[in-house]
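Colleague: Numbering (the numbering used here), first residue to last: 314 to 677.
Think of the CB as a built atom: it goes at the ideal place given N, C-alpha and C, for glycine as much as any other residue.
First, the structure itself, so that you have it in front of you.
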């Protein structure tokens, strides 16, 4: 082969590689320009397609340029076959990774469209990515000449052993899928477990459910135990919730007056305090003759679980102020002791506290 011709072919091959690389960079830049426009639409599919093309633009164009260069250099058939297989393997790997990312995005988009919690449901996205990566790995092995039939047979035979070894992991995986499929619990809901832990569900992944408590700590619960637990969901069927507050008044109080004043304070709190429900008809229900008071319950309503604390806080403050202004007694626990067997002289003797170190006072 003449030397001048060899340099010409090298130059052509380098030009081909550089040209395809420029094309890939141009496509990548074009996708970056189109990305904001795609994000401005109400569909999520165009965002995912733009992301997929952006991920594959450079690697695909570069692989094409290298192959053109190989053909221009006229390598021996064996070398061309090896380079071709390598380029195909690289493309399959790149396409698998990009498609796995696309599948995860599709799963998140579907979850967002149905429940609005895509960013917190990672289990569906992870399963989708895992399935695509497994398929991509099998295709990659097949392209390299590795027979996957014995591997599939071995996986089928060893499936029972794997299932036994990963029993807890698989139980948590299917429990997480069951939790999300039943739609009884979704990320963002405020729940209380039978064991006492409570907080907002942050994430449900393939192994665990994460709960953020009111003190900003994280409680990690395996999905299997979370699915079997007895829990209260304060966001189902709606986020609004009734608040039951207990109060007491003295036996000498006018109960009609107490009810009227309490309802006025409740209406004021519902209309002015953030988290209350304006226009809600609060209730007052007297229910018990206590040892030193008449007990009653006030029914208020809050928009969601976390709003109850401010509503209760403001109601108790304003009710206490109003009761003092209206001269309504809030009784303290008292005990009247009657000693029937005491001598009459003790009944007439006033109590005088003994000074420290002094003599014990004697009855007169």
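1) Assign residue 512 to one of three DSSP states: helix, strand, or coil.
2) Does DSSP classify residue 600 as helix, strand or coil?
3) Since residue 560 sits in a beta bridge, which residues does DSSP pair it with?
4) Please state whether the Cβ-Cβ distance between residue 559 and residue 523 is less than 8 angstroms.
5) Check each candidate in 361, 416, 403 and name the one with the smallest Cα separation from residue 454.
6) Please classify residue 542: does DSSP put it in a helix, a strand, or coil?
7) Using the Cα positions of residue 553 and residue 614, report the straight-line distance between them to the nearest angstrom.
8) So, under 8 angstroms CB-CB, residue 373 and residue 400 are touching, yes? Tell me the CB distance rounded to an integer number of Å.
9) Would you grab the beta carbon distance between residue 539 and residue 492 for me? Rounded to a whole angstrom, and I think it's under 8 angstroms.
10) Taking residue 631 as part of the alpha helix (DSSP H), name the residues at either end of that continuous run.
11) Can you round the beta-carbon distance between residue 600 and residue 646 to whole angstroms, since I take them to be within the 8 angstroms contact cut?
12) Over the uninterrupted alpha helix (DSSP H) stretch that includes residue 549, give me the two end residues.
13) Just how far apart, CA to CA, sit residue 496 and residue 490?
14) Report the residue from 618, 625, 534 whose alpha carbon sits nearest the alpha carbon of residue 612.
15) Which one of 484, 409, 325 has the shortest CA to CA distance from residue 296?
16) Would you list the one or two residues that DSSP bridges to residue 521?
17) Can residue 500 and residue 514 be called in contact, C-beta distance under 8 angstroms?
18) Can you look up residue 614 in the DSSP assignment and give me helix, strand or coil?
19) Take residue 405 as the anchor and find which of 447, 388, 331, 391 has the nearest alpha-carbon.
20) Which of helix, strand or coil does DSSP assign to residue 487?
21) Helix, strand or coil: which one does DSSP assign to residue 457?
22) Would you say residue 438 and residue 420 are within 8 angstroms of each other, going by their C-beta atoms?
23) Using CA coordinates, which residue listed in 602, 584, 603, 588 is at the minimum distance from residue 594?
24) Need the endpoints of the alpha helix (DSSP H) that residue 586 sits in, please.
25) Secondary structure at residue 432, three-state DSSP: helix, strand or coil?
26) For residue 533, which residues in the same chain have their Cβ closer than 7 angstroms to its Cβ, ignoring the five residues on either side in sequence?
27) So for residue 568, helix, strand or coil by DSSP?
28) Who does residue 554 pair with in a DSSP beta bridge?
29) What are the boundary residues of the beta strand (DSSP E) that residue 506 is part of?
30) Go through its chain and collect everything with a Cβ distance to residue 537's Cβ below 6 angstroms, but skip five positions before and after it.
31) Suppose you measure from the CA of residue 530 to the CA of residue 511; what does that come to, to the nearest Å?
32) Based on Cα-Cα distance, which residue from 608, 380, 636, 362 lies nearest to residue 411?
33) To the nearest angstrom, how far is it from the Cα of residue 586 to the Cα of residue 632?
34) Classify residue 526 as buried or exposed, calling it buried when 16 or more other Cβ atoms lie within 10 Å of its own Cβ.
35) Here's a check: name, in chain order, each residue in its chain whose Cβ is nearer than 8 angstroms to the Cβ of residue 566, leaving out the five neighbours to either side.
36) For residue 563, which residues in the same chain have their Cβ closer than 7 angstroms to its Cβ, ignoring the five residues on either side in sequence?
Modeller: Taking the geometry as given:
1) Your numbering for residue 512 matches position 199 in the chain shown. Assigned with DSSP and collapsed to three states, residue 512 falls in strand.
2) Taking the first residue of the chain shown as 1, we reach residue 600 at position 287. Looking at residue 600 - three-state DSSP - the assignment turns out to be strand.
3) Here residue 560 refers to the residue found at position 247 when the chain shown is read from its first residue. In DSSP, residue 560 forms a bridge with 609.
4) Position 246 of the chain shown holds residue 559. Position 210 of the chain shown holds residue 523. No, these two residues do not count as a Cβ contact at 8 angstroms.
5) Sequence index remark: in the chain shown, residue 454 carries index 141 (1-based). Checked all of 361, 416, 403; the closest Cα to residue 454 is 403.
6) The residue labelled residue 542 in the question sits at position 229 within the chain shown. Note: residue 542 maps to coil in three-state DSSP.
7) The count along the chain shown starts at 1 and reaches residue 553 at position 240. The count along the chain shown starts at 1 and reaches residue 614 at position 301. Roughly 7 angstroms between the two C-alpha positions.
8) Taking the first residue of the chain shown as position 1, residue 373 is located at position 60. Taking the first residue of the chain shown as position 1, residue 400 is located at position 87. Going by Cβ atoms, the distance from residue 373 to residue 400 rounds to 10 angstroms, so no, they are not a contact pair.
9) The sequence position of residue 539 within the chain shown is 226, counting from 1. The sequence position of residue 492 within the chain shown is 179, counting from 1. In this structure residue 539 touches residue 492 by the C-beta definition: roughly 7 angstroms separates them, less than 8 angstroms.
10) For this step, residue 631 is matched to residue 318 along the chain shown. In the DSSP assignment, residue 631 falls within the unbroken alpha helix (DSSP H) covering 621 to 638.
11) Along the chain shown, one-based indexing puts residue 600 at 287. Along the chain shown, one-based indexing puts residue 646 at 333. Distance from residue 600 to residue 646 at the Cβ level is roughly 18 angstroms; contact not present, criterion being Cβ atoms closer than 8 angstroms.
12) The residue labelled residue 549 in the question sits at position 236 within the chain shown. Taken as a continuous stretch (DSSP letters only), residue 549 belongs to no alpha helix (DSSP H), as it is neither H nor E.
13) To locate residue 496, count along the chain shown from 1; it is residue 183. To locate residue 490, count along the chain shown from 1; it is residue 177. If you take the alpha carbons of residue 496 and residue 490, they lie about 10 angstroms apart.
14) In the chain shown, the residue the question calls residue 612 occupies position 299. Comparing Cα positions, the closest option is 625.
15) Outside the shown range of the chain (314 to 677) lies residue 296, about which nothing can therefore be said.
16) Locating residue 521 in the chain shown gives position 208, counting from the first residue. Beta-bridge pairing links residue 521 to 535.
17) Residue numbering aside, residue 500 sits at position 187 when the chain shown is read from its first letter. Residue numbering aside, residue 514 sits at position 201 when the chain shown is read from its first letter. With respect to residue 514, residue 500 sits close: the two C-beta atoms are nearer than 8 angstroms.
18) Position 301 of the chain shown holds residue 614. Strand, per DSSP.
19) Translated into positions along the chain shown, residue 405 becomes position 92. Answer by Cα proximity: 447.
20) Start at 1 with the first residue of the chain shown, and residue 487 comes out as number 174. Correct three-state label for residue 487: helix.
21) The count along the chain shown starts at 1 and reaches residue 457 at position 144. In this structure, residue 457 counts as coil in the three-state DSSP scheme.
22) The residue you call residue 438 lines up with position 125 of the chain shown. The residue you call residue 420 lines up with position 107 of the chain shown. It is a contact, given that the beta carbons lie within the stated cut-off.
23) Residue numbering aside, residue 594 sits at position 281 when the chain shown is read from its first letter. Checking every option, the nearest Cα to that of residue 594 belongs to 584.
24) Here residue 586 refers to the residue found at position 273 when the chain shown is read from its first residue. The continuous stretches of alpha helix (DSSP H) do not include residue 586, and DSSP gives it neither H nor E.
25) Here the question's residue 432 lines up with position 119 in the chain shown. Its pLDDT being 47, under 50, residue 432 is placed unreliably in this model, and the value from its coordinates should be taken loosely. Residue 432 falls in the helix class under three-state DSSP.
26) Your numbering for residue 533 matches position 220 in the chain shown. Only 521, 523 meet the Cβ criterion.
27) Translated into positions along the chain shown, residue 568 becomes position 255. If DSSP states are grouped into helix, strand and coil, residue 568 belongs with the helices.
28) Taking the chain shown and counting its residues from 1, the one referred to as residue 554 is at position 241. Beta-bridge pairing links residue 554 to 615.
29) Residue mapping note: residue 506 aligns to position 193 of the chain shown, counting from 1. Per DSSP, the unbroken beta strand (DSSP E) holding residue 506 starts and ends at 503 to 506.
30) One-based indexing of the chain shown puts residue 537 at position 224. Excluding positions up to five away in sequence, the list reads 484, 485, 488.
31) Within the chain shown, the letter at position 217 stands for residue 530. Within the chain shown, the letter at position 198 stands for residue 511. The alpha-carbon of residue 530 is positioned some 11 angstroms away from that of residue 511.
32) Residue mapping note: residue 411 aligns to position 98 of the chain shown, counting from 1. When each option's Cα is compared against that of residue 411, the closest is 362.
33) Start at 1 with the first residue of the chain shown, and residue 586 comes out as number 273. Start at 1 with the first residue of the chain shown, and residue 632 comes out as number 319. Answer to the nearest angstrom: the Cα atoms are 14 angstroms apart.
34) On the chain shown, residue 526 is found 213 positions in, with the first residue counted as 1. Residue 526 comes out exposed.
35) Counting from 1 along the chain shown, the entry for residue 566 is found at position 253. Same-chain partners within the cutoff: 607, 641, 642.
36) In the chain shown, counting from the first residue as 1, residue 563 sits at position 250. Taken in chain order, the residues that qualify are 606, 642, 644.
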